[in-house]
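Asks: Under my numbering, the letters of the sequence shown match residues 2 to 145, in that order. Pasting a structure below so you can have a look.
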Amino acid sequence: MNTAMLLKPKSMVAYIYGDLSAGEGLREFIEHGFTAVPVIDREGMYLGVVSERDFLYRILETRSVEAINADDLTVADLADCSRFESVPIDADISVLFNRIIEQNFVPVVDSRGMFSGIVTRKDVLMRMEYKLKQADNSRKELMI
């Protein structure tokens, strides 16, 4: 099994463009209602993830809410790749498991680094539950 089997495609995922001002990005971020959202450029290249934390840290760092509305600050400036490392779409499931332990979702990219979608922790756990039930049913059938 590989990552592609659990992929929630880009067309079904909330994301924000990195060239938006931080203020515009914050408004979209709030509209989506998530605690973290992938950031991509206009061509679809994965840039990182922006989270509540990123916006709050910026406000605390500058001690000003107005800093978020500064024209020179973009969503890409706030996006963090180090906390939300992406995986290739053909990555082995073990790579995905190692990342999903630390994150609620894992961004997935194609061979060119283009954002393909995400795999959520919930989807991984549901798949594991399904596989465990299958294995349990197989054992029960062998006992009969």
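Ideal Cβ placement from N, Cα and C applies to all residues, glycine included. Please read these numbers as outputs of a predicted model, since none were measured by experiment.
(1) Mind the definition here: the segment 36 to 56 touches the segment 76 to 86 only if three or more C-beta pairs lie below 8 angstroms; say whether that holds.
(2) Since residue 119 and residue 109 are thought to touch, with beta carbons under 8 angstroms apart, how far apart are those beta carbons, to the nearest angstrom?
(3) Cα separation between residue 132 and residue 126?
(4) Among 98, 138, 137, which residue has its Cα nearest to the Cα of residue 122?
(5) Roughly how many angstroms lie between the CA atoms of residue 91 and residue 100, to the nearest whole one?
(6) Between the C-alpha atoms of residue 124 and residue 75, what's the straight-line distance to the nearest angstrom?
(7) Could you tell me which of 63, 8, 80 sits nearest to residue 26, measuring between CA atoms?
(8) Ignoring anything shorter than 3 residues or poking outside the segment 108 to 135, list the beta strand (DSSP E) runs there in chain order.
(9) Identify the continuous alpha helix (DSSP H) that holds residue 95 and give its terminal residues.
(10) Provide the residue(s) that pair with residue 52 in DSSP beta bridges, ordered along the chain.
(11) Tell me which same chain residues have a C-beta within less than 7 angstroms of the C-beta of residue 19, skipping the five on either side of it?
(12) When the Cα atoms are used, what is the spatial distance from residue 23 to residue 29?
Replies: In short, the structure shows the following:
(1) yes
(2) 6 angstroms
(3) 10 angstroms
(4) 98
(5) 15 angstroms
(6) 31 angstroms
(7) 80
(8) 116 to 121
(9) 94 to 101
(10) 37
(11) 40, 41, 42, 48, 75, 76, 77, 80
(12) 10 angstroms
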